[in-house]
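Down below is the structure, laid out as structure tokens.
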Amino acid sequence: MKFVVINIQLFILLSLLLSSCKKEEEETYEPIQISGSVTHVTKFGGNDGSIDLTVTGGVPPFFFLWSNGKTTEDISNLTAGEYIIHISDCKNQLATDTFIITQPAGEPISLTFKTQNPSAPGAKDGSIDITLSGGVPP
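Residues 0 to 137, numbered by numbering that gives the first Met the number 0, are exactly what the sequence shown covers, in order.
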């Protein structure tokens with residue numbers, strides 16, 4: 000369902016952009032080229048990733064549609080994952096690219112056990128104290 004909604008939004012916005020295109024004498028233009036600089040998340044579970052796009056070719060204005068719904072050229076405050084960009088231009092050219100944001104591994108989980116044996120056979124005064132460290136809270 001999300002794919003259909005994004006395609007409908009893309010079609011509507013492309014139609015609006017096409018109506019604002021200026022006619023050119025010569026119909027030759029370069030295809031849209033996408034490159035990007037990725038900043039990965041610095042801490043497991045963080046959201047400080049970003050993607051800085053550079054778009055060349057095509058005929059401005061450009062329309063940007065990211066898989067997370069953003070419509071800006073560059074996006075930030077990203078968590079780890081895959082981000083797909085769809086770009087269209089005034090001449091209805093389309094370009095798509097995928098960027099991956101990674102994150103460092105979480106801290107390993109460590110368990111420490113401290114035991115107290117029962118004072119006598121059959122006594123019920125023994126105990127176990129467990130300490131958990133590391134991992135990532137829910």
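Each residue gets a CB set at the ideal place from its N, CA and C atoms; glycine is no exception. Note that the structure is predicted; figures quoted are calculated from it, not measured.
Asked: E72 (DSSP reduced to helix, strand or coil); Found: coil
Asked: Through-space distance from A122 to T114, alpha-carbon basis; Found: 15 Å
Asked: Three-state secondary structure assigned by DSSP to A104; Found: coil
Asked: Start-end ranges of the beta strand (DSSP E) lying completely within the stretch 39 to 64, minimum 3 residues; Found: 48 to 55
Asked: Span separating the alpha-carbon of L77 from that of G48; Found: 5 Å
Asked: Counterpart residues of Q115 in DSSP-defined beta bridges; Found: S126
Asked: Beta-carbon spacing of Y82, I31 below 8 Å; Found: no
Asked: Top-ranked residue by Cα proximity to Y28, from T41, T55, D124; Found: T55
Asked: Simplified DSSP state of G133, which is helix, strand or coil; Found: coil
Asked: Pair within 8 Å by beta-carbon distance, T84 and D96; Found: The sequence as given places Ile at residue 84; Thr does not occur at that position. Cβ distance < 8 Å, so I84 and D96 count as in contact.
Asked: Straight-line gap, P103 to W65 (C-alpha atoms, nearest Å); Found: 24 Å
Asked: Beta-carbon proximity check, T70 vs F61, cutoff 8 Å; Found: no
Asked: Whole-angstrom distance between K90 and G79, CA atom to CA atom; Found: Rather than Gly, the amino acid found at residue 79 in this sequence is Ala. A79 and K90: Cα-Cα distance of roughly 34 Å.
Asked: Pick from S126, G134, V37 that is closest to T53, judged by C-alpha positions; Found: V37
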